[in-house]
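Peer 1: In our numbering, the protein residues as written are 5 to 54.
Have a look at this one before I ask anything.
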Amino acid sequence: PGRPAGPELAAMLRRVRARTHAQIRELEGLSRRVDNFQRHHHSPLARLAG
Numbered sequence: 005p006g007r008p009a010g011p012e013l014a015a016m017l018r019r020v021r022a023r024t025h026a027q028i029r030e031l032e033g034l035s036r037r038v039d040n041f042q043r044h045h046h047s048p049l050a051r052l053a054g
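Spelled out as structure tokens, the structure:
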């Protein structure tokens with residue numbers, strides 16, 4: 005209550021930003037894995053799609 009909120013808020017936002025960037029990197033990696041899978045298995049997947 006007697007402390008300024010600015011430094012604590014700034015630290016919290018840095019942590020949120022770091023977690024968000026980590027999640028984005030993880031999802032980008034997953035997206036690359038899906039792309040690679042589809043590239044390597046295109047013919048069988050196309051046959052399944054009819």
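Cβ atoms here follow ideal geometry from the backbone N, Cα and C, with glycine treated the same way.
Locate the alpha helix (DSSP H) running through P11, then write down its first and last residues.
Peer 2: Working through the sequence shown from its first residue, we reach residue 11 at position 7. Here the alpha helix (DSSP H) through P11 covers 9-44.
Peer 1: Do L52 and Q42 come within 9 Å of each other at the CB atom, strictly closer than that value?
Peer 2: Here residue 42 corresponds to residue number 38 of the sequence shown, with the count starting at 1. Here residue 52 corresponds to residue number 48 of the sequence shown, with the count starting at 1. No, the Cβ-Cβ distance between Q42 and L52 is not below 9 Å.
Peer 1: To the nearest angstrom, report how far apart L17 and S47 are at their CA atoms.
Peer 2: To locate residue 17, count along the sequence shown from 1; it is residue 13. To locate residue 47, count along the sequence shown from 1; it is residue 43. Cα to Cα, L17 sits roughly 46 Å from S47.
Peer 1: Report all residues from its chain with a CB closer than 6 Å to the CB of I28; omit the five preceding and five following residues, and keep chain order.
Peer 2: What you label residue 28 is simply residue 24 of the sequence shown in a count that begins at 1. Same-chain partners within the cutoff: there are none.
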